[in-house]
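Asker:
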Amino acid sequence: MNQPIISRSLIPALLATGVLVASGCGGDATKQETTTPKKLTQKQVVRRGAKAPTTRAKLAPAPAPAAKPTPVAKPAAPAPAPVADPFAKRAPPKAEVAEAIALVRRGRYLDAIRKAKAALKKSEKYTPAMEILARAYYHLGKSEFANGICDTAITLNPNSGKCFNLRGFIWLKRKNNPEAIKAFKKATEIESSLGAAWLNLSAQYLEVKNFPAALPAARKAVDLMGSRAEAYLNLGAALRGTKKLNEALAAFNKALKLRANYPAALFNLGILYLDADSFPGMDRMGQLSKAEGYFNKYKAALSRVTKDDPANTYLEAVAKERTREERRLKRSARKKAARPGAKHGKQQRRPKT
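In the numbering used here, the protein residues as written are 124 to 476.
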């Protein structure tokens, strides 16, 4: 794909400044002016008391040195005019991009690629077409090619949040979670209204058990994607990690309302009841029963359950803990039965004299 043409700025030519030339004095500058008074007789001198006159020369001011002519700068050659973009006056191919997005959502990635390329033929620098083109190639397993398309799109538009969001997935394919978090975070910083980036950022924080960081990201995802069950699922997990059990329960139930029999929400409800040290208004046996019920609902919601499904492990843990809890309750009951009046007898004991 052609790289963007960057036109150089025109450098204005320097204008030659005029030289001010001082005007000279009229006449001969070296000629001395003299005054010749009338001759007086000796008698007149004596009678009048006049002094003998003297001749005084008046020097004309020296002429200013002739100024050297200032060389006039040659005008700079005009810079080449920028190459006009033949696509600039065309309307952006929004309809083609919208069709490509719909095709990607239906899993028709090759058709989406053709539609995105048709959009780029109309406007070769239209970054939304590049974004959906990269997304389609990513789904076809060509992540490196998708990353190259994103590089071009980001060069043209550094605020392409969708490309940074896609880069997060590419880093995940490379098993590099720290870089994935950076990419998702960058997407949220430059395009704060991109709900998918907030959702993915919260998921990665949950993956590394950074629950305090996951919680605000999950809340932002819910604000932007309130109709998505996944947003409430991540919010519930973040709330559970920060020990806000009742709020977590409400978030998971909201996810189930948005998507009936949502397996991930059922599984997380099982974890919520199993892991809580003490759930408000419920004893341990009640928690274990709730956990067991949700794990079984999770398995029923799946079309196929593998032998290594984590729900099987958790169900075994529930059964073992139930056995331990039953034994503990029996021991506690036997101790109480062994000393039925211990407390009463202690109260009736007489003080020593």
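Glycine included, C-beta positions come from ideal geometry on N, C-alpha and C.
The structure displayed is predicted, hence computed values, not measured ones.
For Ala354 versus Leu317, is the C-beta distance shorter than 7 Å?
Answerer: The answer is no: Cβ separation not under 7 Å.
Asker: Need the endpoints of the alpha helix (DSSP H) that Phe402 sits in, please.
Answerer: Element bounds for Phe402: n/a, residue is neither H nor E.
Asker: Count the other CB atoms within 10 Å of the CB of Val345; is the residue buried (16 or more) or exposed (fewer)?
Answerer: Buried is the call here.
Asker: Alpha carbons only, please: which of Arg447, Arg445 and Ala239 is nearest the one belonging to Tyr260?
Answerer: Minimum Cα distance to Tyr260 is reached at Ala239.
Asker: Rounding to the nearest angstrom, what Cα-Cα distance links Ser455 and Asn376 in this structure?
Answerer: If I take the Cα positions, the gap works out to 35 Å.
Asker: Does the distance from the C-beta atom of Leu395 to that of Arg445 stay below 7 Å?
Answerer: The answer is no: Cβ separation not under 7 Å.
Asker: Classify Thr278 as helix, strand or coil using the three-state DSSP reduction.
Answerer: Here Thr278 sits in helix by DSSP.
Asker: Indicate the three-state DSSP secondary structure (helix, strand or coil) for Ala440 in the structure shown.
Answerer: Of the three classes helix, strand and coil, the one that applies to Ala440 here is helix, per DSSP.
Asker: Quick one, are the C-beta atoms of Lys296 and Ser266 less than 7 Å apart?
Answerer: Yes, these two residues count as a Cβ contact at 7 Å.
Asker: Whose C-beta lies closer than 7 Å to the C-beta of Cys273 among residues of the same chain, with five residues either side of it excluded?
Answerer: Taken in chain order, the residues that qualify are Ala257, Cys286, Leu289 and Arg290.
Asker: Sorted by chain position, which residues of the same chain lie with C-beta nearer than 8 Å to Tyr437's C-beta, five sequence neighbours on each side aside?
Answerer: Here the set comprises Gly393, Ile394, Leu397, Ala414 and Phe418.
Asker: Relative to the alpha-carbon of Gly230, which residue among Gly359, His262 and Ala340 has its alpha-carbon at the smallest distance?
Answerer: With distances taken between Cα atoms, Gly230 lies closest to His262.
Asker: Identify, in the order they occur along the chain, each residue of the same chain with its Cβ nearer than 7 Å to the Cβ of Tyr232, setting aside the five sequence neighbours on each side.
Answerer: So the list reads Ala259, His262 and Leu263, once near-sequence residues are dropped.
Asker: Nearest CA to the CA of Lys519: which residue from Pro339, Leu381, Arg382 and Phe334?
Answerer: Absent from the structure is residue 519, since the part of the chain shown begins at 124 and ends at 476.
Asker: Does Thr275 pass the burial test, meaning 16 or more other C-beta atoms within 10 Å, or should it be called exposed?
Answerer: Counting Cβ neighbours within 10 Å, Thr275 comes out buried, since at least 16 surround it.
Asker: What do you get for Gly359, buried or exposed, if any count of 16 or more other CB atoms within 10 angstroms of its CB means buried?
Answerer: Counting Cβ neighbours within 10 Å, Gly359 comes out buried, since at least 16 surround it.
Asker: CB-CB under 7 Å to Asn384, same chain, minus the five flanking residues each way: which ones, in chain order?
Answerer: Cβ neighbours of Asn384 beyond the five flanking positions: Ala424.
Asker: Which class does Ala383 belong to by DSSP, given the choice of helix, strand or coil?
Answerer: Ala383: coil per DSSP, three-state reduction.
Asker: Would the beta-carbon of Ala352 fall within 7 Å of that of Leu338?
Answerer: It is not a contact, given that the beta carbons lie outside the stated cut-off.
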